[in-house]
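Numbering (the numbering used here), first residue to last: 653 to 1021.
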Amino acid sequence: MPTPATPIIQFGTSRFLQAHADLFIGEALATGSAVGPVTVVQSSGSAERAGRVAALVRPEGYRVRIRGLRDGQDVDSLQQVTSLQRGLSTATDWDEVKRVFVEEVSHVLSNTADTGFNPQPQDTDAVFDQNMSYPAKLQLLLRARFKAGAAPLTILPTELIERNGEVLKARVLELAGTDDAAYANWLADDVTWVNSLVDRIVSEPIEPAGAVAEPYALWAIERQPGLVLPCEHPCIEVVGSLDAPESLKLFILNLGHTYMADAWQKNPQGTESVKDYLDIDSVRADLLDLYDREVLPGFAAAGMEDEARAYVATTLDRFRNPFLFHRIGDIAGNHQQKISRRIAAFLDWSRAQGGTQSTPRLDAIVAQH
């Protein structure tokens, strides 16, 4: 039986996407509120993840378990996700990836980890190379779509990069060059590049595919002319600006994660999970003091003190969720890049808001790395 057309193509197989966008799309498909199912593409070429791709697209789908607290009440539910219809790899299925991208797709999702956008030596090659960065692979696919005369599409990166749609657009335009003005204009003016922000703690895998996640979830999408969402869902918010939700998530929740991971790497104290680590009185007191002395004054300078204090309280509840085993070792991945984007960027942002607080602990981490 042939695979149905998939208006959505997704680059990345992360358990975060499994329990976030893919879950939302699956729920929306059940009510007729999504543009259609998904082709998932493994862009890393890792042989270790080939089994995950196959498991993701089984007819029965995969499981997502939601565990935590919502409005003070325990939540423990199991959901079956069937939004992923086809699984491919850029390393072995490039021609089919290109066909799907040209013939079927209206929306492009990605979550290629913090390093996925990093330039690679092969990025300027005219033909596909698996070692290319994600933006370079995307540029080749967009060029093929343009040459085929296919309609423009909507691109929604979910990587934790500030103004991620604009960053991806700028890199793709740079790689496209200036030799073909019509193509460059199509990329710049007709393709819709969307800035978005995602937020959900996804703590554990369910093998061979699936994940355990907290009840809280947010997909904030910045409004722009011509925007068509891939689906409608209660956790999707279309906002005029991502500045407020982005600064809260990046500089409170994510900064807190990276601060704890840095301390944990030096002295794990026999713990593996965020909850167990924060249950240590000295660790919890230090994090609270960091927020109070070094982080919240920056939000106060930006006129966001009340919402930032409320977000800190919510964040601590999420960190200490008794139902999730959220590994600090997972948070510590790509540590140097996360320090740059979460801690160094906060220090720059705080000063730009007029913050004058002393930040010795955050300064020390940035200086060390």
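Glycine is no exception: its CB is placed at the ideal position from the N, C-alpha and C atoms.
Practice task
Kindly identify the DSSP beta-bridge partner or partners of serine 762.
Solution key: The beta-bridge partner set that DSSP reports for serine 762 consists of Phe663 and Pro809.
Exercise for the section: Output yes or no for whether 8 Å exceeds the beta carbon distance between glutamine 1009 and glutamate 959. Expected result: The answer is no: Cβ separation not under 8 Å.
Handout entry: Pick from Pro886, Asp723, Ala997 and Pro804 that is closest to threonine 683, judged by C-alpha positions
Key = Out of Pro886, Asp723, Ala997 and Pro804, the CA that lies nearest to the CA of threonine 683 is found in Pro886.
Practice task
Express the C-alpha separation of alanine 1019 and isoleucine 858 in angstroms, rounding to a whole number.
Solution key: Those two C-alpha atoms are separated by around 38 Å.
Handout entry: Bridge-paired residues (DSSP) for isoleucine 991
Key = Isoleucine 991 pairs with nothing; no bridge assigned.
Problem - Contained alpha helix (DSSP H) runs [length at least 4] in the segment 939-1016, N- to C-terminal order - result: Assignment of alpha helix (DSSP H) within the segment 939-1016, counting only whole runs of 4 or more residues, yields 948-953, 957-971, 980-983, 987-990 and 997-1005 in chain order.
Exercise for the section: Spatial neighbours of threonine 923 within its chain, please: CB distance less than 6 Å, with the 5 preceding and 5 following residues excluded, ordered by chain position. Expected result: Here the set comprises Tyr929.
Exercise for the section: Classify alanine 673 as buried or exposed, calling it buried when 16 or more other Cβ atoms lie within 10 Å of its own Cβ. Expected result: Flag for alanine 673 reads buried.
Problem - DSSP three-state assignment for alanine 863, whether helix, strand or coil - result: The DSSP-derived three-state label of alanine 863 is strand.
Practice task
Using three-state DSSP, classify threonine 691 as helix, strand or coil.
Solution key: Note: threonine 691 maps to strand in three-state DSSP.
Exercise for the section: Would you kindly work out how many angstroms separate the C-alpha atoms of glutamate 756 and serine 848, rounded to a whole number? Expected result: Rounded to whole angstroms, the gap between the alpha carbons of glutamate 756 and serine 848 is 23 Å.
Practice task
Please determine, among Ala834, Glu748 and Thr830, the residue with the shortest C-alpha to C-alpha distance to glycine 801.
Solution key: It is Ala834 whose Cα lies nearest to the Cα of glycine 801.
Problem - Closest Cα partner of serine 844 within the set Leu825, Leu879 and Tyr943 - result: First, the residue type needs correcting, since residue 844 is threonine and not serine in the sequence shown. The shortest CA-to-CA distance from threonine 844 to any of Leu825, Leu879 and Tyr943 is the one to Leu879.
Exercise for the section: Return the first residue and the last residue of the beta strand (DSSP E) that tyrosine 868 is part of. Expected result: For tyrosine 868, there is no enclosing beta strand (DSSP E), as DSSP marks it with neither H nor E.
Exercise for the section: Give me the Cα-Cα distance between tyrosine 963 and phenylalanine 971, rounded to the nearest whole angstrom. Expected result: A direct Cα-to-Cα measurement between tyrosine 963 and phenylalanine 971 gives close to 12 Å.
Exercise for the section: Could you spell out the range, first to last residue, of the alpha helix (DSSP H) harbouring arginine 704? Expected result: That run of the alpha helix (DSSP H) goes 702-708.
Practice task
State whether the segment 654-667 contacts the segment 759-766, with contact taken as three or more CB pairs (one from each stretch) at a distance under 8 Å.
Solution key: Proximity of the segment 654-667 to the segment 759-766 meets the contact definition, three or more beta-carbon pairs being nearer than 8 Å.
Exercise for the section: Counting only the same chain and skipping the five closest in sequence on each side, list residues whose C-beta sits under 7 Å from that of alanine 707. Expected result: Taken in chain order, the residues that qualify are Tyr714, Pro860 and Ala861.
Problem - First through last residue of the beta strand (DSSP E) which encompasses aspartate 728 - result: Here the beta strand (DSSP E) through aspartate 728 covers 725-733.
Exercise for the section: Please confirm whether threonine 966 and glycine 908 have their CB atoms less than 8 Å apart. Expected result: Not a contact, by the Cβ cut-off of 8 Å.
Problem - 8 Å Cβ cutoff met for leucine 812 and asparagine 919 - result: In this structure, asparagine 919 does not lie closer than 8 Å to leucine 812 by Cβ.
Practice task
Return the residue from the list Ile718, Glu712 and Thr742 that minimises the CA-CA distance to valine 733.
Solution key: Selected option, being the one with the closest Cα: Glu712.
Handout entry: Reference methionine 784; option with closest CA among Tyr943, Ser695, Gly985 and Ala671
Key = That would be Ser695, whose Cα lies nearest to the Cα of methionine 784.
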